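**Q** According to the numbering used here, the sequence shown is numbered sequentially starting from 293. All residues carry an ideal CB built from backbone N, CA and C; glycine is no exception. For clarity, every value in this text was computed on a predicted model and none was experimentally measured.
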Amino acid sequence: MKVKKAVIPAAGFGTRMLPAAKSVPKEMICIAGKPAIHYIVKEAVDAGIEDILIITSRGKTAIEDYFDYSPELEMRLERSGKLELIEELHAIADMANITFIRQKELKGLGHAVMHARSFTGDEPFAVLLGDDIMRSETPVTKQLVEQAEKYSCSCVGVKKVETSEISKYCSLGVKALGDGLFDVQELIEKPTPDKVLSNYAILGRYVLTSGIYDLLENAKPGFGGEIQLTDALNLLCRKERMLALEFEGERFDSGNICGYMEASIQLALANPEISDWLKNYMKGLDI
Ligand code: UTP
293 MKVKKAVIPA AGFGTRMLPA AKSVPKEMIC IAGKPAIHYI VKEAVDAGIE
343 DILIITSRGK TAIEDYFDYS PELEMRLERS GKLELIEELH AIADMANITF
393 IRQKELKGLG HAVMHARSFT GDEPFAVLLG DDIMRSETPV TKQLVEQAEK
443 YSCSCVGVKK VETSEISKYC SLGVKALGDG LFDVQELIEK PTPDKVLSNY
493 AILGRYVLTS GIYDLLENAK PGFGGEIQLT DALNLLCRKE RMLALEFEGE
543 RFDSGNICGY MEASIQLALA NPEISDWLKN YMKGLDI
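(1) How far does the beta strand (DSSP E) with Asp568 in it extend, from its first residue to its last?
(2) Who does Phe474 pair with in a DSSP beta bridge?
(3) Which one of Asp338, Leu310, Tyr358 has the shortest CA to CA distance from Pro327?
(4) Thinking just about the alpha-carbon of each residue, which of Val316, Met534, Glu380 is nearest to the one in Tyr443?
(5) Which two residues bound the contiguous alpha helix (DSSP H) that contains Pro431?
(6) Taking Glu380 as the reference, give the member of Ser362, Asn389, Lys396, Ile390 with the closest Cα.
(7) Thinking C-alpha only, which one of Thr522, Trp569, Lys451 is nearest Ala404?
(8) Look at Glu319 and Met426 and say whether their C-beta atoms are less than 8 angstroms apart.
(9) By DSSP's criteria, Ser564 is part of a beta bridge. Which residues make up the other side?
(10) Between Ala524 and the rest of its own chain, which residues show a CB-CB distance below 6 angstroms, the 5 nearest in sequence each way excluded?
(11) Assess, as a yes-or-no matter, whether the stretch 556-575 is touched by the stretch 324-339 under the definition of 3 or more beta carbon pairs within less than 8 angstroms.
(12) For Thr348, write down the residues that DSSP places opposite it in a beta bridge.
(13) Whole angstroms are fine: how far does the CA of Val419 sit from the CA of Gly449?
(14) Please confirm if the stretch 429-436 is in contact with the stretch 545-555, defined as three or more CB-CB distances below 8 angstroms between the two stretches.
(15) Of all the options Leu537, Gly422, Asp578, which has the alpha carbon lying nearest to the alpha carbon of Ile544?
(16) Which two residues bound the contiguous beta strand (DSSP E) that contains Lys334?
(17) At 3 residues or longer, what runs of the beta strand (DSSP E) sit wholly inside the stretch 402-462?
(18) When the distance is taken between beta carbons, is Val295 closer than 8 angstroms to Ala388?
(19) Could you spell out the range, first to last residue, of the beta strand (DSSP E) harbouring Arg590?
(20) Which residues does DSSP list as the beta-bridge partners of Glu542?
(21) Relative to the C-alpha of Glu457, which candidate in Cys445, Pro485, Leu473, Ser502 has its C-alpha closest?
(22) Taking the beta strand (DSSP E) that Pro301 falls in, what are its first and last residues?
(23) For Leu537 and Phe392, I'd like the C-alpha separation in whole angstroms.
(24) Hey, quick one: how far does the alpha helix (DSSP H) through Gly509 stretch, first residue to last?
(25) Could you give the distance in angstroms between the alpha-carbon of Ile347 and the alpha-carbon of Pro301?
(26) If you draw a straight line from the C-alpha of Ala493 to the C-alpha of Gln395, how long is it?
(27) Nearest-angstrom Cα distance between Lys399 and Gly517?
(28) Helix, strand or coil: which one does DSSP assign to Asn526?
Next comes the structure, spelled out in structure tokens:
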């Protein structure tokens, strides 16, 4: 099994980032000089994936524009001799083969993923949520792809979260295999305290087989009245093997204001062009 394609669902309303997300897609909100989705596409590319489908919705054409050429802007930059900047902008547009599809009705993450069927066909594919940004030695998607390819099955990226937090995530029933790898036996979306299976939660990264599609097409609305990817995964792990990998790295949920602030600070600290300035600035704050 070889994973050559990635799907980035980025159609959601982003209500936790209102009012900013009213007219700017939350995936385009700037984090240390680049829009959030830049980091996500880069992670897929760094995992060796070149064909990427981004699922968008009304009001999100800024995402398409970001990954396109911009001849008028380039002409202006050329006139002012900013040739390096032109190269940088071109490199963004040439980062991968990116196609877009619109989710016309926002019926949930599972519904969004269904839109990838004609793009992936029967091939396995990576899913990277459009607002979860990772910082890791090895790209998190690469870590999952390696396990999925080794065992020829789906593999989801997990971390342990606080008991007080698990009801915001999907909780997994797992059997440990060693080295951070688990067999997934059961999943539940946003469990009430009595339904929690474990403190392991999926944090924004998946490698899935095409077996997910039939399950999604037959899925009934679940938590919050949405078609939940978790509900289809809960069926898939009973039909075929599914692994969970406790990945190395840190995850920031840039879709809420605190996660966005964390991502901004951490990625700025990791950027040699701004880290010294930021450290000095913070040292000088009277807090
Ligand atoms: P979230 O729940 O984090 O995104 O969905 P949201 O719905 O935009 O956020 P809030 O809760 O309103 O603030 C996880 C991922 O699934 C995508 C989102 O864009 C995000 O990347 N998504 C969600 C879709 O693509 N379509 C949907 O119908 C729902």
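**A** Reading off the structure:
(1) If you number the sequence shown from 1, residue 568 lands on position 276. First-last for Asp568: 567-575, but that is the alpha helix (DSSP H), not the beta strand (DSSP E).
(2) Taking the first residue of the sequence shown as position 1, residue 474 is located at position 182. Paired residue(s): Ala468, Ala536.
(3) As a working note, residue 327 is residue 35 in the sequence shown. With respect to the C-alpha of Pro327, the residue from Asp338, Leu310, Tyr358 having the closest C-alpha is Tyr358.
(4) Numbered from its first residue, the sequence shown carries residue 443 at position 151. The option with the nearest alpha carbon to Tyr443 is Met534.
(5) Numbered from 1 along the sequence shown, position 139 holds the residue referred to as residue 431. Note, Pro431: premise wrong, no alpha helix (DSSP H); not H, not E.
(6) Working through the sequence shown from its first residue, we reach residue 380 at position 88. The candidate whose alpha carbon is nearest that of Glu380 is Ser362.
(7) For the purposes of this step, residue 404 is taken as residue 112 along the sequence shown, with counting starting at 1. With distances taken between Cα atoms, Ala404 lies closest to Thr522.
(8) Locating residue 319 in the sequence shown gives position 27, counting from the first residue. Locating residue 426 in the sequence shown gives position 134, counting from the first residue. No, they are not a contact pair.
(9) As a working mapping, residue 564 is identified with position 272 in the sequence shown. Note on residue identity: the sequence assigns Pro, not Ser, to residue 564. Bridge partners of Pro564: none, in fact.
(10) Taking the first residue of the sequence shown as 1, we reach residue 524 at position 232. So the qualifying residues of the chain are Gly402, Ile504, Leu507, Leu508, Ala511.
(11) yes
(12) Position 56 of the sequence shown, counted from the start, is the residue given in the question as residue 348. DSSP, once it has assigned bridges, lists Arg394 as partnering Thr348.
(13) Counted from its first residue, the sequence shown places residue 449 at position 157. Counted from its first residue, the sequence shown places residue 419 at position 127. C-alpha separation (whole angstroms): 10 angstroms.
(14) no
(15) Numbered from 1 along the sequence shown, position 252 holds the residue referred to as residue 544. Before going further, note that residue 544 is Phe rather than Ile in the sequence given. Taking only the C-alpha atoms, the option nearest Phe544 is Gly422.
(16) Taking the sequence shown and counting its residues from 1, the one referred to as residue 334 is at position 42. From DSSP, Lys334 is part of no beta strand (DSSP E) but of the alpha helix (DSSP H) over 328-338.
(17) 417-420, 424-427, 446-452
(18) For the purposes of this step, residue 388 is identified with residue 96 of the sequence shown, where counting begins at 1. For the purposes of this step, residue 295 is identified with residue 3 of the sequence shown, where counting begins at 1. For Ala388 and Val295, no; Cβs fall outside 8 angstroms.
(19) Residue coverage of the chain in this structure runs from 293 to 579, which leaves residue 590 outside it and unanswerable.
(20) The residue given as residue 542 occupies position 250 in the sequence shown. Per DSSP, Arg427.
(21) Residue numbering aside, residue 457 sits at position 165 when the sequence shown is read from its first letter. Comparing Cα positions, the closest option is Pro485.
(22) As a first step, residue 301 is located in the sequence shown; it is residue number 9 there, counting from the start. Counting along the chain, the beta strand (DSSP E) containing Pro301 begins and ends at 297-301.
(23) Here residue 537 corresponds to residue number 245 of the sequence shown, with the count starting at 1. Here residue 392 corresponds to residue number 100 of the sequence shown, with the count starting at 1. Each residue's alpha carbon lies about 29 angstroms from the other.
(24) As a position in the sequence shown, residue 509 is number 217, starting the count at 1. Here residue 509 turns out to be Glu, not Gly, going by the sequence shown. Residues 504-509.
(25) Here residue 347 corresponds to residue number 55 of the sequence shown, with the count starting at 1. Here residue 301 corresponds to residue number 9 of the sequence shown, with the count starting at 1. If you take the alpha carbons of Ile347 and Pro301, they lie about 5 angstroms apart.
(26) The residue you call residue 493 lines up with position 201 of the sequence shown. The residue you call residue 395 lines up with position 103 of the sequence shown. Roughly 26 angstroms separates the two Cα atoms.
(27) Reading the sequence shown from its first residue, position 107 is the one you call residue 399. Reading the sequence shown from its first residue, position 225 is the one you call residue 517. So the alpha carbons of these two residues sit roughly 8 angstroms apart.
(28) The sequence position of residue 526 within the sequence shown is 234, counting from 1. DSSP places Asn526 in helix when its eight states are reduced to three.
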